[in-house]
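Report on the following structure.
Numbering (the working numbering), first residue to last: 486 to 872.
See the structure below:
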């Protein structure tokens with residue numbers, strides 16, 4: 486198990502040596518989903534990495550960690566797949582060719598042992614000469630036109646589509662062939678099976694033809710469809726671990742804050758979470774974990790963090806940033822040292838290293854001290870008397 490040092494926006498610092506967060510049950514955790522893409526050169530109209538970024542942004546609050554890989558030999562490998570609850574596939578590979586045997590076996594074994602598989606849109610146009618892959622997906626892309634439409638939900642009782650609202654967007658109008666017999670159709674478009682599910686071994690497969698470009702991928706209800714599909718595809722055991730995590734829900738509150746991007750007043754923001762709640766929403770790579778090292782009120786409004794060779798966190802706390810540059814670069818910001826003195830993984834000693842800074846935003850260790858920005862200056866700061 487690896488750990489990673491990180492600073493979260495709500496004054497949450499984590500360290501590689503910190504103790505794991507106590508959750509409602511020992512195995513409560515987020516879901517791990519591998520987004521298996523492809524180089525854009527394989528099909529310029531399908532750009533998997535940008536689709537991944539959309540889901541990374543919008544599915545994190547639903548307890549879904551996404552990891553992107555586009556090298557089939559790395560992604561479709563038994564060792565790699567063992568880290569994930571499901572594989573979401575979007576990209577173009579060997580439309581009329583075979584799937585390499587070792588990759589085919591790794592993917593089929595992953596599903597049959599209980600993993601989820603979510604081939605999206607052009608994934609049905611891949612590996613046409615691989616009968617095992619075609620069977621796993623449940624059909625093969627044949628042809629398409631294009632137009633604006635809304636897929637019709639034909640099964641309103643399944644947990645994926647029950648209460649689902651759908652969306653209208655321009656998309657490629659896929660037609661399929663080599664339809665599998667053991668499928669449950671959830672949606673159709675003009676009589677053409679559009680979204681379906683199937684089971685194979687202990688695993689579950691979800692397919693939808695939706696998703697040519699961002700006219701679909703940017704739709705909130707498309708995100709909703711994929712969240713529902715992921716929850717179903719990972720199976721009851723993995724979903725139960727996510728449920729046990731008890732993810733916090735975002736709530737909004739009224740504020741009066743200056744806005745710097747659109748240059749207008751910000752009047753609504755999310756209510757802050759506790760550090761423990763923030764941990765539940767953080768996305769980290771498989772094999773890593775986050776632990777609470779320090780939080781407010783011991784540290785306030787951190788803007789930058791660096792770790793020294795003794796495992797101490799040097800944190801820049803900013804009061805002035807971003808709009809109060811003080812005269813003479815003498816302001817209200819400071820650098821604080823957070824140190825764990827008893828080895829329990831939590832900072833218990835907090836020492837002000839430097840104060841009266843203004844708009845200090847970054848620092849680096851050098852020559853026994855730190856070099857930091859300070860308004861229009863760059864400073865070298867060093868403790869010469871050990872106080």
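Glycine is no exception: its CB is placed at the ideal position from the N, C-alpha and C atoms.
On a predicted model such as this, the values are computed, not experimentally measured, just so you know.
{"query": "Beta-bridge partners of residue 659, as assigned by DSSP", "result": "629"}
{"query": "CA-to-CA distance, residue 520 to residue 570, given in whole angstroms", "result": "11 Å"}
{"query": "Distance CB(residue 861)-CB(residue 810) smaller than 9 Å", "result": "yes"}
{"query": "Pair within 9 Å by beta-carbon distance, residue 804 and residue 793", "result": "no"}
{"query": "Assigned exposure category for residue 483 - 16 Cβ within 10 Å defines buried", "result": "Because residue 483 is not part of the residues shown, which for the chain are 486 to 872, the question remains open."}
{"query": "Entirely enclosed alpha helix (DSSP H) segments - the stretch 726-808, minimum 4 residues", "result": "760-766"}
{"query": "Sequence-distant residues of the same chain with beta carbon closer than 7 Å to residue 627, five excluded per side", "result": "660, 661 and 662"}
{"query": "Buried or exposed by the 16-neighbour rule on C-beta atoms within 10 Å, applied to residue 672", "result": "buried"}
{"query": "Rounded Cβ spacing between residue 652 and residue 704 (contact assumed at less than 8 Å)", "result": "5 Å"}
{"query": "Unbroken beta strand (DSSP E) run spanning residue 859, endpoints", "result": "854-859"}
{"query": "At least three beta-carbon pairs within less than 8 Å, the stretch 630-646 to the stretch 596-605", "result": "no"}
{"query": "Cross-strand partners of residue 436 (DSSP beta bridge)", "result": "Lying before the first or after the last residue shown, residue 436 is absent from the chain, which here runs from 486 to 872."}
{"query": "For residue 555, three-class secondary structure by DSSP", "result": "coil"}
{"query": "Nearest residue (CA-CA) to residue 617, options 855, 593, 765 and 849", "result": "593"}
{"query": "Sequence-distant residues of its chain with Cβ nearer than 8 Å to residue 872 (five each side left out)", "result": "none"}
{"query": "Beta-carbon spacing of residue 607, residue 584 below 9 Å", "result": "no"}
{"query": "Residue 565 - containing alpha helix (DSSP H), residue span", "result": "563-566"}
{"query": "Spatial neighbours of residue 857 in its chain, beta-carbon cut-off 6 Å, leaving aside the 5 residues before and after", "result": "845, 848 and 864"}
{"query": "Helix, strand or coil at residue 533 [DSSP, three-state]", "result": "helix"}
{"query": "Residue burial classification, residue 576 (beta-carbon count within 10 angstroms, cutoff 16)", "result": "buried"}
{"query": "Terminal residues of the beta strand (DSSP E) in which residue 644 lies", "result": "It is not in any beta strand (DSSP E) - residue 644 carries neither H nor E in the DSSP assignment."}
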